[in-house]
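Here the sequence shown is numbered in numbering that gives the first Met the number 0, starting from 0 and rising by one per residue.
Structure record follows, encoded as structure tokens.
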Amino acid sequence: MKRKALITGITGQDGSYLSEFLLSKGYEVHGLIRRASTFNTQRLSHLFIDPHISNARLFLHYGDLSDSGQLTNLIYNIEPEEIYHLGAQSHVRVSFDMPEYTADITALGTTRLLEAIRRSGIKTKFYQASSSEMFGSTSPPQSEKTPFHPRSPYAAAKVYAYWMTINYREGYNMYACNGILFNHESPRRGETFVTKKITRAVAHIISGKQKVLYLGNLDASRDWGFAPEFVECQWLMLQRDEPDDYVIGTGESHTVREFVEHAFNHGSIELEWKGKGLDLVGVIKSIEASAQATNSLKVGDEVITIDPRYFRPAEVDHLLADYSKAKKQLQWEPRVTFKELVEIMVDSDLEAVGLESTGRGQDILKDKNINWTDNKVAKGYI
Ligand code: NAP
Ligand code: G4F
0 MKRKALITGI TGQDGSYLSE FLLSKGYEVH GLIRRASTFN TQRLSHLFID
50 PHISNARLFL HYGDLSDSGQ LTNLIYNIEP EEIYHLGAQS HVRVSFDMPE
100 YTADITALGT TRLLEAIRRS GIKTKFYQAS SSEMFGSTSP PQSEKTPFHP
150 RSPYAAAKVY AYWMTINYRE GYNMYACNGI LFNHESPRRG ETFVTKKITR
200 AVAHIISGKQ KVLYLGNLDA SRDWGFAPEF VECQWLMLQR DEPDDYVIGT
250 GESHTVREFV EHAFNHGSIE LEWKGKGLDL VGVIKSIEAS AQATNSLKVG
300 DEVITIDPRY FRPAEVDHLL ADYSKAKKQL QWEPRVTFKE LVEIMVDSDL
350 EAVGLESTGR GQDILKDKNI NWTDNKVAKG YI
């Protein structure tokens, strides 16, 4: 019999990779999607086949994390063996503008799902998408034993959801795990997260679609990994005999500024920084002829400017994962390094605007054998 999984947040970055991964393992995959007036399933369109066809294994169901009745209904009727709860208002900056909504969806959404499992009486394994943002201002490196000090409404909501997951594990003997994942990125990352914003801007500046990239705090450090590798851990956590909580990251941390520099370098542009504070600008120091030609770019052009609108009322300065527990118990290690991640993303964005890429991004995926889905990651990045 096919194993069945239910994924909330299936239309997001992780949801789409996890769907590919589970389908490649023979699962029947069910996903919760929100009703929207436009299509929100672009990240899944390559996987979707008409559910009327007999071998269809991906099924999408309307619902919302604010609607407990529908969550109970879906769990009761689908009877999934595994539930991956990835749905959330996941943007930290936005959570300061919408703290109440973030609490409703990101915090209470988890409680609604846990209650739906309990009330439906279905025996299932539950994965909660916890976040390194929960560590907030506690010093790096951060492990499962590090205390939390959340620095945003998003992080506070995730801390609540983390403890509710543990509470249902302890109180109701539920198989429920927290994956405390550090930042993970990919060509499918949402365009308002800083990595994708940067790599997309490199392609758009070179192709002439954009003049300047406006950014906020360049000094924050993040432990950035490659999303397809991270969704494997979500699955690994649910394959163990006993539920537990795991930190997942790369053990390498870099500033936003370093990400910017490497991304532009990979696009053949060397940057230098001039000025300070709000007057800081990133200026072209040198440029290869190929990049120059497409947009008459020249040495001295200002391509990065600071816009305070992207600052946060409270910042998380430094995240760095100590993932030794996952390494030992899940036998998991990241294969894609920081530089390789940047190169994969820049190449993908260059190709998306019709420019020639270095091809290095594709080579990395081939070299590291990142082909677990026989998939589109290796074939065109979508
Ligand atoms: P993402 O791309 O922003 O996807 C979020 C998903 O949640 C989307 O499918 C979105 O649907 C769905 N969603 C939002 N509000 C919803 C609602 N009210 N009801 C139902 N679904 C709703 O996030 P991601 O990067 O894939 O991350 C997956 C999960 O891991 C999130 O919980 C995130 O907080 C957490 N996390 C992410 C990272 C990271 O670095 N990526 C690190 C740690 C933890 P629409 O497509 O309709 O908007
Ligand atoms: O890319 P970000 O928005 O990611 P952030 O805040 O670290 O959150 C992401 O990772 C978390 C895991 O740690 C997830 F839980 C969460 O759901 C999300 O996926 O910002 C990264 C850093 C921040 O320090 C921010 O201040 O980049 C800085 N930054 C500088 N300029 C910017 C910008 N961030 C964004 N989004 N946009 C900017 O223009």
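Each residue gets a CB set at the ideal place from its N, CA and C atoms; glycine is no exception.
| Item | Value |
| --- | --- |
| Inter-stretch contact at 8 Å, needing at least 3 Cβ pairs: the region 93-113 / the region 140-158 | yes |
| Three-state secondary structure (DSSP) of residue 225 | strand |
| Contact test: residue 92 Cβ vs the ligand NAP heavy atom, cutoff 7 Å | no |
| Residue 228 to residue 309 span [Cα, whole Å] | 29 Å |
| Cutoff 7 Å; reference residue 71; Cβ partners in own chain excluding five residues on either side | 115, 118 and 119 |
| Rounded C-alpha distance that separates residue 61 from residue 265 | 41 Å |
| Residue 4 versus residue 325: straight-line alpha-carbon distance, rounded | 22 Å |
| Any non-hydrogen atom of the ligand NAP within 7 Å of residue 183 CB | yes |
| Any non-hydrogen atom of the ligand NAP closer than 7 Å to residue 109 Cβ | no |
| Neighbourhood of residue 66 by C-beta, 6 Å cutoff - its chain only, sequence neighbours within 5 removed | none |
| Same chain, Cβ closer than 8 Å to residue 274, neighbours up to 5 away in sequence not counted | 280 |
| Bridge partner(s) assigned by DSSP for residue 125 | 82 and 175 |
| Any non-hydrogen atom of the ligand G4F within 7 Å of residue 194 CB | yes |
| Same chain, Cβ closer than 6 Å to residue 342, neighbours up to 5 away in sequence not counted | 265, 359 and 360 |
| Beta-carbon contacts of residue 243 that lie in its chain and below 7 Å, excluding the five residues immediately before and after | 176 |
| Length at least 3, wholly inside the region 53-98: the beta strand (DSSP E) runs in chain order | 57-61 and 81-84 |
| Closer than 7 Å: residue 248 CB and nearest the ligand NAP heavy atom | no |
| Three or more C-beta pairs below 8 Å linking the region 175-192 and the region 220-239 | yes |
| Per-residue DSSP class, three states only, for residue 313 | coil |
| Straight-line gap, residue 270 to residue 33 (C-alpha atoms, nearest Å) | 41 Å |
| Any non-hydrogen atom of the ligand G4F within 7 Å of residue 221 CB | yes |
| Cβ pair count under 8 Å reaching 3, the region 198-207 against the region 330-347 | yes |
| Bridge partners - residue 210, DSSP secondary structure assignment | Per DSSP, none; premise fails for residue 210. |
| Start-to-end residues for the alpha helix (DSSP H) that takes in residue 16 | 12-23 |
| When 367, 363 and 314 are compared against residue 134, the one with the closest alpha-carbon | 314 |
| Any C-beta of chain C under 8 Å from that of residue 343 | In the structure shown, chain C cannot be found, because there is only a single protein chain. |
| For residue 17 and residue 30, the rounded distance between their alpha carbons | 11 Å |
| beta-carbon residue 314 near the ligand G4F non-hydrogen atom, thresh 7 Å | yes |
| Identity of the residues DSSP links to residue 320 by a beta bridge | 141 |
| Inter-residue spacing [alpha-carbon to alpha-carbon] between residue 276 and residue 254 | 16 Å |
| Closer than 7 Å: residue 191 CB and nearest the ligand G4F heavy atom | yes |
| Local Cβ density within 10 Å of residue 222, reported as buried at 16 or more and exposed below that | buried |
| Continuous alpha helix (DSSP H) stretch holding residue 115: start and end | 107-119 |
| The alpha helix (DSSP H) enclosing residue 219, as first and last residue numbers | Segment: none, residue 219 is in no alpha helix (DSSP H) and carries neither H nor E. |
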